[in-house]
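Sequential numbering from 1 applies to the sequence shown in the UniProt record's numbering. In what follows, a single structure is set out as structure tokens and then discussed.
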Amino acid sequence: MRLGLRGRLVATTVAAALAAVTVLVVGLQLLLAHQSSRDSLTALQGRADAAATTVRFAGDRARVLEAPADSLDQNIWIYDAAGRRIDGTEPPRRVRAQVARLSSSTSERDVVVDGGIRLLARPVPREGSGAVGAVVVAALDLAPYESAERRGLVVSLALGLITVAGAGAAAWAACGYALRQVRRMARRADEWREHDLAGRFELGPPRDELTELADTLDRMLDRIAQAILAERRLTDEVAHELRTPLTVIRSEAQLALVEAGPDAASTASLDAIVAATERMAASIQTMLSVARSAHADEATCGTAEVLDEVRAHATDVPGVRVEVDDPGQDVLLAAPLRVVGAAVVPLLDNAVRHAATRVRVHVTLESRRVLLHVEDDGEGVAGDRRERIFEPGHSTAPHGAGLGLSLSRRLAHSVGGEVGEQGDGHGHFVLTVPRA
Numbered sequence: 001m002r003l004g005l006r007g008r009l010v011a012t013t014v015a016a017a018l019a020a021v022t023v024l025v026v027g028l029q030l031l032l033a034h035q036s037s038r039d040s041l042t043a044l045q046g047r048a049d050a051a052a053t054t055v056r057f058a059g060d061r062a063r064v065l066e067a068p069a070d071s072l073d074q075n076i077w078i079y080d081a082a083g084r085r086i087d088g089t090e091p092p093r094r095v096r097a098q099v100a101r102l103s104s105s106t107s108e109r110d111v112v113v114d115g116g117i118r119l120l121a122r123p124v125p126r127e128g129s130g131a132v133g134a135v136v137v138a139a140l141d142l143a144p145y146e147s148a149e150r151r152g153l154v155v156s157l158a159l160g161l162i163t164v165a166g167a168g169a170a171a172w173a174a175c176g177y178a179l180r181q182v183r184r185m186a187r188r189a190d191e192w193r194e195h196d197l198a199g200r201f202e203l204g205p206p207r208d209e210l211t212e213l214a215d216t217l218d219r220m221l222d223r224i225a226q227a228i229l230a231e232r233r234l235t236d237e238v239a240h241e242l243r244t245p246l247t248v249i250r251s252e253a254q255l256a257l258v259e260a261g262p263d264a265a266s267t268a269s270l271d272a273i274v275a276a277t278e279r280m281a282a283s284i285q286t287m288l289s290v291a292r293s294a295h296a297d298e299a300t301c302g303t304a305e306v307l308d309e310v311r312a313h314a315t316d317v318p319g320v321r322v323e324v325d326d327p328g329q330d331v332l333l334a335a336p337l338r339v340v341g342a343a344v345v346p347l348l349d350n351a352v353r354h355a356a357t358r359v360r361v362h363v364t365l366e367s368r369r370v371l372l373h374v375e376d377d378g379e380g381v382a383g384d385r386r387e388r389i390f391e392p393g394h395s396t397a398p399h400g401a402g403l404g405l406s407l408s409r410r411l412a413h414s415v416g417g418e419v420g421e422q423g424d425g426h427g428h429f430v431l432t433v434p435r436a
């Protein structure tokens, strides 16, 4: 399972806390073991020293001047230089061999016997000569010390686990608080439509890294919106400037046709001029629709209105029949009628131009969008041209300007939609528009 950012941050925090706790627990246990060893040795040395003070020498013989107190008599044995036990009971079986070896020690030694018993040999020197005259062997049960170490380990592990769990919970909460703003920003951005230039995060003045990021993104969106609006204003102005000379050219050509009469040699040329100016006027009108769509962000229309627009524009040409299916349900689109209409008209004109006998326009519905299909029974578009036909300047007609399909796609993009070619063997273009 792939962890998200929050999961990875928490996992990293828990791993770091676990490593730190492990080092602390191991270090604490080593410290406890060292301290326990020192304490047990100190206790043994104290008992052995107390027993050594009771040893007296008479010539070569050692004797115990007075019996140790009960607290000193337990697990203490005193041996003379010959290795004979002069005080203490018989050592227990499990330490007997070790006690016997330690009884001849000439220097202080300690050993730990299996079973948790620590033994200490303490030589007692003779007065004057300094030679070893007796050896005190003391035993200490390490069970209380080992029990204290185990309790320390249990407490350390418990505190360590609590610390790791607390670090994980704190990291989870902190990441959740930090990422809540990110999720809120993502949801807000997801709600914006593609042509919505007014959308901003608006988290207020920067007070931390996330609000600083939101403020930076808001300023970037401001610059992008200004650039897009400037482009739309330029398009609007250019289109307005072109309409007047085009109207003059078309009027002059139509007047020349009337004056020349039907039999004049220039009739064909004048007809071509009129047709070309009409196509350019339609392209300019489409450009104006793109520019004006910037002011129609909240406009909507119904599928019935769009199909009425298609019916009004559709004109049968010799040998080609245009069919517009009734969708049966009027669905609201999140786009103004003039933009959707201007986007579908180039698709319809292209279908009529390339159809063999029939053009069909119909609508299909999806949960969040509406698909307007324009199909013809022509040869369709070759696979290597399906994207190139939407490039500006690429024409599907012998005398076309190559603006219709590219402007249709641009119009669709301006309202958050798309235009594409299905490539099913015949001409089949689909205009996708978001539902309101």
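For glycine and all other residues, C-beta sits at the position ideal for the given N, C-alpha and C.
Listed in chain order, the beta strand (DSSP E) elements of length 3 or more contained wholly in the segment 225–295 amount to none. W77 is bridged by DSSP to V137. Closest by C-alpha distance to L365, out of V164, S266 and V433, is V433. Secondary structure at H426: coil, using DSSP grouped into helix, strand and coil. Rounded to whole angstroms, the separation of the alpha carbons of I76 and V95 is 12 Å. H428 counts as buried, since at least 16 other C-beta atoms from the protein chains shown sit within 10 angstroms of its C-beta.
Around the beta carbon of G128, fewer than 16 other beta carbons sit within 10 angstroms, so the residue counts as exposed. Between the segment 332–340 and the segment 409–428, the count of Cβ pairs shorter than 8 Å is three or higher; the stretches touch. Going by DSSP, I162 is part of the alpha helix (DSSP H) stretching over A143 to E191. Checking the DSSP bridge columns, you'll see D377 has no partner listed. T89 and R63 have their C-alpha atoms some 15 Å from each other.
In the three-state DSSP reduction, P346 falls in the helix class (H, G or I). DSSP places A58 inside the beta strand (DSSP E), whose first and last residues are V55 to A58. If you draw a straight line from the Cα of G319 to the Cα of H354, it is about 12 Å long. Under DSSP, the beta-bridge partners assigned to R360 are E323 and E375.
The straight-line gap separating the alpha-carbon atoms of G166 and L31 is approximately 25 Å.
Annotated as distal: V135 and R118, with beta-carbon spacing of 8 Å or more. In this structure L9 touches A171 by the C-beta definition: roughly 6 Å separates them, less than 8 Å. Looking from the CA of R385, the closest CA among G420, D49, D87 and T163 belongs to G420. For R207, the secondary structure class from DSSP, reduced to helix, strand or coil, is coil. Leaving aside the five residues that flank L157 on each side, the residues in its chain whose CB is nearer than 7 Å to its CB run, in chain order, V25. Taking A225 as the centre and dropping the five residues before and after it, the same chain places the C-beta of L197 closer than 6 Å to its C-beta, in chain order. Taking the CA atoms as reference points, A314 sits about 23 Å from G417. Of the residues assessed, S367 falls on the exposed side of the cut-off, its CB having fewer than 16 other CB atoms within 10 angstroms.
Taking every protein chain shown into account, the CB of I162 has fewer than 16 other CB atoms within 10 angstroms, so this residue is exposed.
Taking 8 Å as the upper bound for CB-CB distance, L372 and L431 are in contact here, some 4 Å apart. Shown here, L431 sits in a strand according to DSSP, grouped into three states. The Cβ neighbour count for T53, taken over all protein chains shown within 10 Å, is under 16; the residue is labelled exposed. Secondary structure note for V23: its alpha helix (DSSP H) is the uninterrupted segment L5 to A52. Between V363 and V370, the C-beta spacing is below 8 Å. Per DSSP, the beta-bridge partners of D110 are L120. By a beta-carbon distance limit of 8 Å, I273 contacts A253. Their separation comes to about 4 Å. Residue pairing for V64: DSSP places it in a beta bridge opposite V55. Around the beta carbon of G404, 16 or more other beta carbons lie within 10 angstroms, which makes this residue buried. Our two residues, A436 and D330, have alpha carbons roughly 12 Å apart in a direct line. Counted as a single uninterrupted DSSP element, the beta strand (DSSP E) harbouring D87 occupies residues R85 to D87.
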